[in-house]
Every structure is written in structure tokens, then in C-alpha cells.
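This report refers to the structure that appears directly beneath it.
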Amino acid sequence: MAEQRDPYEVLGVSKDASADEIKRAYRKLSKKYHPDLNKEPGAEAKFKEINEAYETLSDPQKKAQYDQYGFAGNQQGFGGGGFSGFGNGGSGFGNGGFDFGGSGFEDIFSSFFGGGGQSRQSRTAPRQGRDLQYEMNLTFEEAIFGKKTNIEYSREALCKTCHGSGAKAGTSPVTCHKCGGRGFIQVQRQTPLGRMMTQQECDVCHGTGKEIKEKCTTCYGSGHVREKHEVQVTIPAGVEDGNQMRLQGQGEAGTNGGPYGDLFIVFHVSPSDKFERDGAEIYYTLPISFVQAALGDSVKVPTVHGDVEMKIPAGTQTGTTFRLREKGAPRLRGNGNGDQKVTVTIVTPKNLTKAQKEALKAFADVSGEDPAGDDSFFEKWRKKQRKKH
Ligand code: ZN
Ligand code: ZN
0 MAEQRDPYEV LGVSKDASAD EIKRAYRKLS KKYHPDLNKE PGAEAKFKEI NEAYETLSDP
60 QKKAQYDQYG FAGNQQGFGG GGFSGFGNGG SGFGNGGFDF GGSGFEDIFS SFFGGGGQSR
120 QSRTAPRQGR DLQYEMNLTF EEAIFGKKTN IEYSREALCK TCHGSGAKAG TSPVTCHKCG
180 GRGFIQVQRQ TPLGRMMTQQ ECDVCHGTGK EIKEKCTTCY GSGHVREKHE VQVTIPAGVE
240 DGNQMRLQGQ GEAGTNGGPY GDLFIVFHVS PSDKFERDGA EIYYTLPISF VQAALGDSVK
300 VPTVHGDVEM KIPAGTQTGT TFRLREKGAP RLRGNGNGDQ KVTVTIVTPK NLTKAQKEAL
360 KAFADVSGED PAGDDSFFEK WRKKQRKKH
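Each step along the sequence shown adds one to the number in numbering that gives the first Met the number 0, with nothing skipped, and position 246 is 245.
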């Protein structure tokens, strides 16, 4: 971007010139440098510059923006508001990644704008503490039924001696004598372009604007202490692997009187050797004999809520799925439980005894060519069996 001159300078008016004064200055200069009237070299460029300056200063919004931020104020992203989000860490998850550490960003910001915009305030303004993450292992059943538990972890907490001020008991921080509480100081720097005024973080208060004459003996002036912190957690019934739970205010202490961050608990649920789970639905595979499948039976099926009696109708095919209503996991959002879905697989017998083999041969004989066994054939076989006993 080409260097843009101060529009006040271009129009030759003072910073507090009225709208009328600006307009008059513009009319005079634009007439003087109009390319149709002025054939001097550079007149055209000058005319353009005058028009741009007037465009900025005649629009109240653009003028206010320029007064506060300079030309950078016209660029996207420098609109002041866009910045405030960075300083406070946000309330999102894993904010550590978004933490610009305050200084890096603001240093660029302040060297951009000589004017000391609102960004500086974020350094001295209350800031929420960091969010923390806690990984919690749960068994398959714990995730389904929930539980109450206490967890302990280490965190930065507010110093109880000085209540976060960092000052010795009985004293309080005072406004920094060097920067007057602004947190930054103006310094003159020699650059290839000449001497420039830039802003720097105050070396006495390190940008906080507060000076501690006598430091707290517990936290050595930081206002924070590391502590073991215990929290009771009520895990809701129905959580799943990867779910997160947010405990407000259980993260780390804020600065400048800002609130505590949050704690995010991430659940890791171990698999079950019996069941599969998908949300509130639980899946179970039930092996049955082909006799049970053919004749029907009543069997005990395990569920997370205890064994349930289930009827297998005669003639059940392998792969058939039955539904046990409300025997699944609780719905995390909503009412009641999901279902347990029971899929039967028919186990083909191995290592048959002689008697078993004969019985099967006899079955095959009466079944004829039809391997699936027609109902009428099957009924005959069943009656025969009953007669035998
Ligand atoms: Zn302290
Ligand atoms: Zn200072």
C-alpha cells in the first residue's frame, strides 16, 4: 500500500477544523490543482490526493475512524471490535491454541497505530482465566448409568492471601508511576525514516498499569498460586466416548479480577465384551442352536438392566433381529431409554455324537429334498419326537 499522507495535512487544516472549514479548504485546493486548469507536473497526483483526503474527512464515519486509528482503520479487520475477542481467551474449548499471549499481537498493533487505541485496555482489563481439560475414563456401564465422583487436579488459583492483587497483606497495588496506569509508554526511536514515536509496554508494571510496592509473600506478587483442586462431578447417565462436559469456573484464575476459566471433562468409555453401543441403542448378538431356531424357544438375554426373557418364534432365521424395548442406554437429551437389539445367529453343531447324527439323518429323510424343512414335514418330525418320550 502506498504511503498515504495525513488528510488534514493535505487539505492544510487543523485536526479540529469544522466541516465547513474542511469543505472550503477542499474547494480552494481542488480548483487550484484541477488537471484542466493546472498543467504543472504533479498537479494531477496532487488533485487526486486532495480528493482522497476530502473523501475521508467529509464522511463523519470515515473521519472518526481515521481520527482514532489512522488509515489502518479503513482496512478490514482493524475495526477495533475485531480485536477485543483475542485478549480474553474466549469461552470456547481448548482456548490455549487461540491465546496470542497478549503481547505479540498487541505489539504489532501498537506500533501500527501511534494513537494508542482501545487495544491497550485489554492488557489492564479483567481477563478470564484459562480453560482446563480433564480426561476421565469410564466403564461401559458407568457411561450408561452415570455416577458421582470426585476429581482432583492442579490449577492456578487466586492467591487467598492477597485475593489476587499480588500486594502484601494490608497494602494494595498503586497506579504505576511510570506509565500513569496506561500500561505502555511512548518512546522515541531513530529509524531510517527519521525519528518516530512508538509505544512500548511499560517496563515497570509490564503492561498491567499497576505497581506493587510490597509483594504478597504467598504468591510473590503474581496474585496466583498453584493448588490441588477437588471438584465433585455428576456424570449424567448416557454419556458416550468422546463426549465433553463443561464445568463453569473450574478452570484457572483470571487476571485483573477476571473470572475463572472453565473445566472441560472429556470421557473415554471402555468397550464392553458383550455389547455394542450406538447412542441410546445397544446391540447384542445371541447364539442359538438350530433346534431352538426351528422349534422356537424362550431364552434369557443379558441387557445392561439385567437378564430379560425373550421369545424366539419357531422358524427363526439366522440374522433376525429382535427388539427389547427400553433396554438400551438412557437418552442423554430426551426421555427414556433406547432399545436393545438382539440379533440371533444360528450355531451349526460340531462334533456330533452317533445318536445326534442319526437323529439328523432321520430328520433329513423325512424332510426329503427340501433342506429348509417345510412346516408340514417339520410338524411330523416334532410329533414323532413327542411320541418317543
Ligand atoms: Zn498473594
Ligand atoms: Zn507502568
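Built from N, CA and C at the ideal position, the CB exists for glycine as well. These numbers come from a predicted model, not from an experiment.
{"Item": "Could you pull the start and end residues of the beta strand (DSSP E) that P286 belongs to?", "Value": "E280 to S288"}
{"Item": "Classify V173: buried if its beta carbon has 16 or more other beta carbons within 10 angstroms, exposed otherwise.", "Value": "exposed"}
{"Item": "Excluding the five sequence neighbours on either side, which residues of its own chain have a C-beta within less than 7 Å of the C-beta of S221, listed in chain order?", "Value": "G165"}
{"Item": "For ligand 2, is there a heavy atom less than 7 Å away from the beta-carbon of V203?", "Value": "yes"}
{"Item": "Quick one: using the 10 Å Cβ neighbour count with 16 as the cut-off for buried, is G333 buried or exposed?", "Value": "exposed"}
{"Item": "Grouping DSSP H, G and I as helix and E and B as strand, with all else coil, what is S153?", "Value": "strand"}
{"Item": "Contact between the region 199–206 and the region 135–152 is defined here as three or more beta-carbon pairs at a separation below 8 Å; is this criterion met?", "Value": "no"}
{"Item": "E213 to R129, Cα distance in whole Å?", "Value": "27 Å"}
{"Item": "Examine ligand 2 and report whether any of its heavy atoms sits within less than 7 Å of the Cβ of K177.", "Value": "yes"}
{"Item": "What are the partner residues of D296, as DSSP defines its beta bridges?", "Value": "I311"}
{"Item": "Which residues mark the beginning and the end of the beta strand (DSSP E) in which Q199 is found?", "Value": "G193 to E200"}
{"Item": "Kindly identify the DSSP beta-bridge partner or partners of P270.", "Value": "Partner(s): none; P270 has no beta bridge."}
{"Item": "Output the distance between the C-alpha atoms of C178 and K209, rounded to the nearest integer angstrom.", "Value": "9 Å"}
{"Item": "In three-state terms, what does DSSP make of N350?", "Value": "coil"}
{"Item": "Starting from L10 and walking both ways along the alpha helix (DSSP H), at which residues does that stretch end?", "Value": "P6 to L10"}
{"Item": "Is any non-hydrogen atom of ligand 2 found closer than 7 Å to the C-beta of G182, if you look at the structure I gave you?", "Value": "yes"}
{"Item": "Give the DSSP-derived three-state secondary structure of L331 in the structure shown.", "Value": "coil"}
{"Item": "Cβ-heavy atom distance between T207 and ligand 1 below 7 Å?", "Value": "no"}
{"Item": "Using only the alpha-carbon positions, how far apart do L157 and Q243 sit?", "Value": "26 Å"}
{"Item": "Which partner residues of Q231 appear in the DSSP bridge assignment?", "Value": "N149"}
{"Item": "Provide the residue span of the beta strand (DSSP E) that contains N136, from first to last.", "Value": "L131 to L137"}
{"Item": "Mind the definition here: the region 259–267 touches the region 244–251 only if three or more C-beta pairs lie below 8 Å; say whether that holds.", "Value": "yes"}
{"Item": "Within 7 Å: the Cβ of G165 and any heavy atom of ligand 1?", "Value": "yes"}
{"Item": "Tell me, which residues are paired with E226 by DSSP?", "Value": "R154"}
{"Item": "Could you say which of L331, P348 and I21 lies nearest to V290 if we only look at CA atoms?", "Value": "P348"}
{"Item": "For L28, report the span of its alpha helix (DSSP H) as first-last.", "Value": "A18 to Y32"}
{"Item": "Is T160 near ligand 1, in the sense that its beta carbon is under 7 Å from a heavy atom of that ligand?", "Value": "yes"}
{"Item": "Return the Cβ separation of G337 and I281 in integer angstroms, given the expectation that the two are a contact with Cβ distance under 8 Å.", "Value": "7 Å"}
{"Item": "Cβ of T254 within 7 Å of any heavy atom in ligand 1?", "Value": "no"}
{"Item": "I need the DSSP call for V365, collapsed to helix, strand or coil.", "Value": "helix"}
{"Item": "If you draw a straight line from the C-alpha of G89 to the C-alpha of G163, how long is it?", "Value": "Legend: pLDDT at G89 = 32, less than 50; position of this residue unreliable, value from coordinates given subsequently. Distance between the alpha carbons of G89 and G163 is about 21 Å."}
{"Item": "For my contact list, L137 and H267 are in at a C-beta cut-off of 8 Å; report their separation, rounded to the angstrom.", "Value": "7 Å"}
{"Item": "Would you kindly work out how many angstroms separate the C-alpha atoms of H304 and V343, rounded to a whole number?", "Value": "20 Å"}
{"Item": "With a threshold of 7 Å on Cβ separation, who are the neighbours of G11 within its own chain once the five nearest residues in sequence on each side are excluded?", "Value": "A24"}
{"Item": "How about P6 and A52: are their beta carbons less than 8 Å apart?", "Value": "yes"}
{"Item": "Got a sec, what are the start and stop residues for the alpha helix (DSSP H) L56 sits in?", "Value": "A42 to S57"}
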